[in-house]
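Per UniProt numbering, the very first residue in the sequence shown carries number 1; after that it's consecutive. Note that beta-carbon positions come from the ideal geometry of N, C-alpha and C, so glycine has one too. Here's the structure we're looking at; comments come further down.
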Amino acid sequence: MIIQVGSALAYRSIPLQSAYCGAKAAIRGFTDAVRTELMHENSGVSIAMVQMPGLNTPQFEWARNKFAWAMRPVPPVFQPEVAAQAIFNVARRPVRELWVGSSTIQSIIGQFLFPGFLDRLMVKKAWEGQMTRRLNADDRQDYLEQPVSGLHKTHGRFSSEAKYRATAITSGVPGKALLGGAAAAGLLLAKWFISRKKR
(Lines of atoms letter the chains of each structure in order from A; the text may use other names.)
(Lines give C-alpha, C1' and ligand atoms only; values in the text may rest on other atoms or scores of the structure.)
Protein backbone atom coordinates (compact mmCIF):
# COMPACT_ATOMS: atom_id res chain seq x y z
CA MET A 1 0.00 0.00 0.00
CA ILE A 2 1.36 3.41 -1.03
CA ILE A 3 -0.23 6.50 0.51
CA GLN A 4 0.55 9.87 -1.04
CA VAL A 5 -0.02 12.95 1.11
CA GLY A 6 -1.63 15.65 -0.99
CA SER A 7 -3.53 18.86 -0.44
CA ALA A 8 -6.72 20.60 -1.48
CA LEU A 9 -4.30 22.83 -3.40
CA ALA A 10 -3.64 19.93 -5.78
CA TYR A 11 -7.07 20.78 -7.22
CA ARG A 12 -7.59 24.45 -6.31
CA SER A 13 -4.52 26.66 -6.54
CA ILE A 14 -4.26 29.82 -4.47
CA PRO A 15 -2.15 32.98 -4.73
CA LEU A 16 1.30 33.12 -3.11
CA GLN A 17 1.58 29.32 -3.28
CA SER A 18 2.27 28.72 -6.97
CA ALA A 19 5.29 26.44 -6.43
CA TYR A 20 3.54 24.44 -3.71
CA CYS A 21 0.31 24.14 -5.72
CA GLY A 22 2.23 23.07 -8.80
CA ALA A 23 4.09 20.41 -6.82
CA LYS A 24 0.90 19.02 -5.30
CA ALA A 25 -0.85 18.96 -8.69
CA ALA A 26 2.16 17.11 -10.12
CA ILE A 27 2.01 14.51 -7.33
CA ARG A 28 -1.68 13.99 -8.07
CA GLY A 29 -1.01 13.49 -11.78
CA PHE A 30 1.89 11.15 -11.04
CA THR A 31 -0.23 9.14 -8.60
CA ASP A 32 -3.12 8.73 -11.05
CA ALA A 33 -0.70 7.51 -13.75
CA VAL A 34 1.10 5.05 -11.46
CA ARG A 35 -2.24 3.71 -10.20
CA THR A 36 -3.30 2.74 -13.73
CA GLU A 37 0.11 1.19 -14.42
CA LEU A 38 -0.19 -0.96 -11.30
CA MET A 39 -3.71 -1.97 -12.33
CA HIS A 40 -2.49 -2.88 -15.82
CA GLU A 41 0.13 -5.18 -14.31
CA ASN A 42 -2.43 -6.75 -11.93
CA SER A 43 -0.11 -5.70 -9.12
CA GLY A 44 -0.97 -6.39 -5.53
CA VAL A 45 0.21 -2.87 -4.69
CA SER A 46 -2.50 -0.25 -4.30
CA ILE A 47 -1.97 3.49 -4.21
CA ALA A 48 -4.10 6.10 -2.45
CA MET A 49 -3.94 9.84 -1.98
CA VAL A 50 -5.05 11.85 1.05
CA GLN A 51 -5.88 15.49 0.28
CA MET A 52 -5.26 17.64 3.35
CA PRO A 53 -6.61 20.99 4.55
CA GLY A 54 -4.52 23.74 6.15
CA LEU A 55 -2.54 22.23 9.03
CA ASN A 56 -1.01 23.75 12.13
CA THR A 57 2.59 22.70 11.45
CA PRO A 58 5.85 24.64 11.96
CA GLN A 59 6.34 25.09 8.20
CA PHE A 60 5.21 28.71 8.50
CA GLU A 61 7.99 29.32 11.02
CA TRP A 62 10.86 28.12 8.87
CA ALA A 63 9.74 28.37 5.23
CA ARG A 64 11.31 31.25 3.30
CA ASN A 65 9.04 34.31 3.29
CA LYS A 66 9.95 37.57 1.59
CA PHE A 67 6.91 39.41 2.90
CA ALA A 68 7.23 41.72 5.88
CA TRP A 69 4.32 39.90 7.53
CA ALA A 70 4.48 36.41 8.99
CA MET A 71 2.46 33.87 7.03
CA ARG A 72 -0.18 31.38 8.14
CA PRO A 73 -2.35 28.58 6.72
CA VAL A 74 -5.66 29.63 5.19
CA PRO A 75 -8.40 28.97 7.77
CA PRO A 76 -9.94 26.74 8.92
CA VAL A 77 -6.81 25.19 10.42
CA PHE A 78 -6.52 21.62 11.68
CA GLN A 79 -4.05 19.97 14.01
CA PRO A 80 -1.48 17.51 12.57
CA GLU A 81 -3.25 14.71 14.44
CA VAL A 82 -6.12 15.06 11.95
CA ALA A 83 -3.70 14.30 9.12
CA ALA A 84 -2.16 11.37 11.00
CA GLN A 85 -5.57 9.86 11.73
CA ALA A 86 -6.66 10.20 8.09
CA ILE A 87 -3.51 8.47 6.84
CA PHE A 88 -3.92 5.72 9.44
CA ASN A 89 -7.55 5.19 8.41
CA VAL A 90 -6.59 4.85 4.74
CA ALA A 91 -3.84 2.38 5.66
CA ARG A 92 -6.42 0.26 7.48
CA ARG A 93 -9.20 0.65 4.89
CA PRO A 94 -7.74 1.61 1.53
CA VAL A 95 -9.63 4.03 -0.71
CA ARG A 96 -8.67 5.67 -3.99
CA GLU A 97 -8.62 9.17 -2.53
CA LEU A 98 -9.70 10.75 0.76
CA TRP A 99 -10.63 14.43 1.11
CA VAL A 100 -10.02 15.68 4.66
CA GLY A 101 -11.79 18.72 6.10
CA SER A 102 -14.82 20.67 4.94
CA SER A 103 -12.57 23.29 3.34
CA THR A 104 -10.88 20.61 1.22
CA ILE A 105 -14.22 19.15 0.13
CA GLN A 106 -15.61 22.59 -0.73
CA SER A 107 -12.47 23.61 -2.62
CA ILE A 108 -12.33 20.49 -4.77
CA ILE A 109 -16.04 20.37 -5.61
CA GLY A 110 -16.13 24.14 -6.07
CA GLN A 111 -13.23 23.97 -8.52
CA PHE A 112 -15.17 21.52 -10.69
CA LEU A 113 -18.43 23.49 -10.54
CA PHE A 114 -17.46 27.16 -10.25
CA PRO A 115 -13.77 27.66 -11.14
CA GLY A 116 -14.19 31.29 -12.26
CA PHE A 117 -16.04 32.22 -9.08
CA LEU A 118 -13.30 30.63 -6.98
CA ASP A 119 -10.66 32.60 -8.90
CA ARG A 120 -12.34 35.83 -7.83
CA LEU A 121 -12.90 34.59 -4.28
CA MET A 122 -9.24 33.58 -3.89
CA VAL A 123 -8.04 37.05 -4.95
CA LYS A 124 -9.18 38.42 -1.59
CA LYS A 125 -9.85 35.53 0.75
CA ALA A 126 -6.75 33.43 0.11
CA TRP A 127 -4.36 36.38 -0.20
CA GLU A 128 -5.38 38.06 3.05
CA GLY A 129 -6.11 34.70 4.67
CA GLN A 130 -2.40 33.80 4.56
CA MET A 131 -1.20 36.99 6.25
CA THR A 132 -0.90 37.57 9.98
CA ARG A 133 -0.58 40.89 11.80
CA ARG A 134 2.84 39.88 13.08
CA LEU A 135 5.98 41.28 11.46
CA ASN A 136 8.85 38.93 10.65
CA ALA A 137 11.97 39.40 12.74
CA ASP A 138 14.90 41.00 10.92
CA ASP A 139 17.12 38.02 11.77
CA ARG A 140 14.53 35.39 10.83
CA GLN A 141 16.13 32.20 9.52
CA ASP A 142 14.66 29.77 7.01
CA TYR A 143 15.46 26.22 5.98
CA LEU A 144 15.89 26.75 2.24
CA GLU A 145 19.67 26.37 2.30
CA GLN A 146 20.30 24.77 5.69
CA PRO A 147 18.31 23.32 8.60
CA VAL A 148 16.95 25.69 11.23
CA SER A 149 17.72 24.60 14.79
CA GLY A 150 15.09 24.63 17.50
CA LEU A 151 11.99 24.23 15.31
CA HIS A 152 11.76 20.45 15.22
CA LYS A 153 8.23 20.07 16.57
CA THR A 154 4.87 18.86 15.30
CA HIS A 155 2.62 21.83 16.07
CA GLY A 156 2.79 25.39 14.81
CA ARG A 157 1.68 28.57 16.55
CA PHE A 158 -2.04 28.32 15.64
CA SER A 159 -3.15 25.78 18.26
CA SER A 160 -5.66 28.22 19.76
CA GLU A 161 -7.78 27.99 16.60
CA ALA A 162 -6.78 24.60 15.20
CA LYS A 163 -9.37 21.82 15.21
CA TYR A 164 -8.78 18.24 16.30
CA ARG A 165 -11.62 16.78 14.21
CA ALA A 166 -12.43 17.00 10.52
CA THR A 167 -15.08 15.68 8.16
CA ALA A 168 -13.63 13.32 5.57
CA ILE A 169 -15.16 11.76 2.45
CA THR A 170 -13.81 9.59 -0.32
CA SER A 171 -13.54 11.02 -3.82
CA GLY A 172 -16.35 8.71 -4.96
CA VAL A 173 -19.00 10.23 -2.68
CA PRO A 174 -19.87 13.32 -4.80
CA GLY A 175 -20.39 11.17 -7.90
CA LYS A 176 -22.63 8.76 -6.01
CA ALA A 177 -24.60 11.66 -4.55
CA LEU A 178 -25.02 13.14 -8.04
CA LEU A 179 -26.21 9.81 -9.47
CA GLY A 180 -28.56 9.34 -6.53
CA GLY A 181 -29.97 12.83 -7.00
CA ALA A 182 -30.41 12.25 -10.73
CA ALA A 183 -32.18 8.94 -10.09
CA ALA A 184 -34.49 10.56 -7.53
CA ALA A 185 -35.25 13.41 -9.93
CA GLY A 186 -35.96 10.88 -12.68
CA LEU A 187 -38.40 8.97 -10.46
CA LEU A 188 -40.20 12.16 -9.48
CA LEU A 189 -40.43 13.22 -13.12
CA ALA A 190 -41.76 9.80 -14.15
CA LYS A 191 -44.32 9.94 -11.35
CA TRP A 192 -45.41 13.39 -12.48
CA PHE A 193 -45.84 12.20 -16.10
CA ILE A 194 -47.86 9.16 -14.99
CA SER A 195 -50.14 11.32 -12.83
CA ARG A 196 -50.65 13.69 -15.79
CA LYS A 197 -51.69 10.82 -18.07
CA LYS A 198 -54.25 9.55 -15.56
CA ARG A 199 -56.08 12.89 -15.61
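Leaving out five residues on either side along the sequence, give the residues of the same chain with a beta carbon under 7 angstroms from the beta carbon of residue i.
i, result
"Met49", "Gln4, Gly6, Arg28, Thr31, Glu97"
"Val95", "Ala48, Thr170"
So residue i and residue j are in contact, right, with Cβ under 8 angstroms, and what is the actual spacing, rounded?
i, j, result
"Ser107", "Tyr11", "6 angstroms"
"Arg69", "Ile169", "Note that residue 69 is Trp in the sequence shown here, rather than Arg. In fact, because the Cβ distance is near 34 angstroms, the residues do not count as touching under 8 angstroms."
"His155", "Gln79", "7 angstroms"
"Pro53", "Ala166", "7 angstroms"
Could you give the residue range of the beta strand (DSSP E) that holds residue i?
i, result
"Ser7", "2-7"
"Gln51", "47-52"
"Arg157", "From DSSP, Arg157 is part of no beta strand (DSSP E); its letter is neither H nor E."
"Leu135", "131-135"
"Ile169", "168-170"
"Ala70", "69-71"
Taking residue i as part of the alpha helix (DSSP H), name the residues at either end of that continuous run.
i, result
"Ile27", "18-40"
"Ile109", "102-113"
"Val82", "80-92"
"Gln59", "59-62"
Which value, in whole angstroms, describes the spacing of the CA atoms of residue i and residue j?
i, j, result
"Ile14", "Gly181", "31 angstroms"
"Lys153", "Leu187", "55 angstroms"
"Gln85", "Arg120", "33 angstroms"
"Phe117", "Ala126", "13 angstroms"
Suppose the cutoff is 8 angstroms on Cβ atoms and the five residues either side in sequence are ignored; what does the same chain contact list for residue i look like?
i, result
"Asp142", "Trp62, Ala63, Arg64, Asn65, Val148"
"Val123", "Pro15"
"Ile109", "Pro174"
Once the 5 residues before and after residue i are set aside, which same chain residues still bring their CB inside 6 angstroms of it?
i, result
"Arg134", "Ala70"
Taking one C-beta from the segment 15-22 and one from the segment 40-49 each time, how about it: are there three or more such pairs within less than 8 angstroms? no
Between the segment 79-93 and the segment 112-119, are three or more C-beta pairs nearer than 8 angstroms? Judged by Cβ distances under 8 angstroms, the segment 79-93 makes no contact with the segment 112-119, as fewer than three pairs qualify.
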